[in-house]
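The structure appears right after this line, and notes come after that.
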Amino acid sequence: MISFYSEEIDFKIGNEPNVKNWIIDIIESEGFIQGDIGYIFCDDDFLHKMNVEFLDHDTLTDIISFDYSMGKQIHGEIYISIDRVKENAEDFDVMFVDELHRVIIHGILHYCGYKDKTTDDATLMRSKENEALSKRDFV
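Residues in the sequence shown are numbered consecutively from 725, following this note's numbering.
Below, the structure written as structure tokens:
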């Protein structure tokens, strides 16, 4: 089951049923099975505290994911800073909803085994994000 929550902010995702179906389609296209996935939308302060506490990183970030997957079945929690998504959308001159969907699928791609620490890995990750975004039949 895919669930969306807000923590310390008032945010609701648009087109929730379509977004869920899109996420499931991407998971299945990568050869995985959807399990329990929780998306938690928050602000910079909340995610910064988590970044320091759990990852020992004293920086702002747009996403932190906790992977609880078992074999091919994907389970996890994905925390997304709406503040960062808004700022990144402005910086990259893209629509907010496109940047939000990019970050949403970024977490899923990590669960599917894609990394982004090296230049080559980041290039592949960006390519997979773009491929996933092109498969949306809504927005």
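Ideal Cβ placement from N, Cα and C applies to all residues, glycine included. Predicted, not measured: the structure shown is a model, and the values here were computed from it.
DSSP state of residue i mapped onto helix, strand, coil
| i | result |
| --- | --- |
| phenylalanine 756 | coil |
| phenylalanine 816 | helix |
| tyrosine 838 | coil |
| arginine 826 | helix |
| glycine 831 | helix |
| asparagine 745 | helix |
| aspartate 861 | coil |
Selection from the options that minimises the alpha carbon distance to residue i
| i | options | result |
| --- | --- | --- |
| tyrosine 835 | Phe765, Asn812, Phe790, Ser805 | Phe790 |
| isoleucine 798 | Asp749, Asp769, Phe735, Asp817 | Asp749 |
| methionine 725 | Asn812, Asp769, Ile751 | Ile751 |
| arginine 826 | Ile787, Ser727, Cys766 | Ile787 |
| glycine 762 | Ser730, Phe735, Met774 | Ser730 |
| isoleucine 757 | Met794, Glu823, Asp861 | Met794 |
| isoleucine 733 | Pro741, Asn742, Asn745, Phe770 | Phe770 |
For residue i, the residue or residues it bridges with in DSSP
| i | result |
| --- | --- |
| serine 851 | Note: serine 851 sits in no beta bridge, so no partner. |
| glutamate 705 | A query on residue 705 cannot be resolved here, the shown segment of the chain reaching from 725 to 863 and no further. |
Residue j beta carbon less than 7 Å from that of residue i
| i | j | result |
| --- | --- | --- |
| isoleucine 829 | glutamate 855 | no |
| phenylalanine 862 | isoleucine 804 | no |
| aspartate 767 | aspartate 807 | yes |
| isoleucine 802 | glycine 831 | yes |
Span of the beta strand (DSSP E) around residue i
| i | result |
| --- | --- |
| phenylalanine 728 | 726–730 |
N-terminal and C-terminal residue of the alpha helix (DSSP H) that residue i is part of
| i | result |
| --- | --- |
| leucine 779 | 768–779 |
Distance cut-off 6 Å: residue i Cβ against heavy atoms of the ligand FAD
| i | result |
| --- | --- |
| glutamate 801 | With respect to the ligand FAD, the structure shown offers nothing to examine, as it has no ligands at all. |
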